[in-house]
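The next block holds one structure in the form of structure tokens; read it before the comments.
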């Protein structure tokens, strides 16, 4: 079956702009999580969605938001981009997000803010 | 806030040698996950440990969760070049109705053939 699909894979934005990233989970998976990975900060959890509801969230400012649709596809949005937002944004899906579920990551979206 | 320290940051081993990476949390965890990320790739889920003192094995990999659920280790026996990559732990804690996930800084493993 198809894996976790993230689009776009690469993008360049200017400071102050906003960006929307998309994630299609594995078919049947209802939990989608988002992560930011940078060389300096490592992997950081952004938020998790389950059945269209944000269930968990990390310590990121309100400029970072997300949503999940009824088909479990998810989007994350970053408004008023800053240079420090340049990172690899990873999406992961699992059946329910509960303990014991295997978690599958997508290839990620590389965001460069100039 | 919750911190998850992971050591060592880097490890070079000769092929065939053993390798261990350790994670220590400042707070008691609900569960811990381990991931492997190859250079240029995305993290791949390896395992999740939930019970205090739990030990799980996957072929040459042995995962342990401490009795106090504050530390964990990943041990690889007889490393191979295919083991190259960065190994991350992720500590999960239930806090204020949310499930807080904190990743360790990762251990980058180099295997010298």
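Residue numbers (this note's numbering), protein chains in the order written: chain D, 1364 to 1477; chain Y, 19 to 131.
Note that the Cβ used here is the ideal one computed from N, Cα and C, for glycine as well.
Predicted, not measured: the structure shown is a model, and the values here were computed from it.
Exposed unless 16 or more other CB atoms sit within 10 angstroms - verdict on residue i
i: residue 112/Y; result: exposed
i: residue 34/Y; result: exposed
i: residue 87/Y; result: buried
i: residue 1370/D; result: exposed
Under 8 Å between C-beta atoms of residue i and residue j
i: residue 1408/D; j: residue 119/Y; result: yes
i: residue 1394/D; j: residue 1415/D; result: no
i: residue 1455/D; j: residue 1474/D; result: no
i: residue 1453/D; j: residue 1381/D; result: no
i: residue 1403/D; j: residue 121/Y; result: no
i: residue 27/Y; j: residue 125/Y; result: yes
i: residue 123/Y; j: residue 24/Y; result: yes
i: residue 100/Y; j: residue 36/Y; result: no
i: residue 1426/D; j: residue 1442/D; result: yes
i: residue 1418/D; j: residue 1460/D; result: yes
i: residue 1466/D; j: residue 83/Y; result: no
i: residue 1471/D; j: residue 60/Y; result: yes
DSSP three-state assignment for residue i, whether helix, strand or coil
i: residue 95/Y; result: coil
i: residue 1429/D; result: strand
i: residue 100/Y; result: helix
i: residue 1471/D; result: coil
i: residue 59/Y; result: coil
Spatial distance of residue i from residue j (CA atoms)
i: residue 107/Y; j: residue 72/Y; result: 15 Å
i: residue 49/Y; j: residue 58/Y; result: 27 Å
i: residue 1428/D; j: residue 1439/D; result: 6 Å
Any non-hydrogen atom of the ligand ATP within 7 Å of residue i CB
i: residue 1430/D; result: As presented, the structure is devoid of all ligands, the ligand ATP included, so that no description of it is given.
Q) Listed from N- to C-terminal order along the chain, which residues in the segment 1456 to 1474 of chain D have their beta-carbon within a distance smaller than 9 Å of any beta-carbon of chain Y? A) 1457, 1460, 1462, 1463, 1464, 1465, 1466, 1467, 1468, 1469, 1470 and 1471
Q) Of the residues that make up the segment 1416 to 1435 of chain D, which ones have a beta carbon closer than 9 Å to any beta carbon in chain Y? A) 1418, 1419, 1420, 1421 and 1422
Q: Anything in the segment 81 to 115 of chain Y with a Cβ closer than 7 Å to a Cβ of chain D? List those residues in chain order, please.
A: 106
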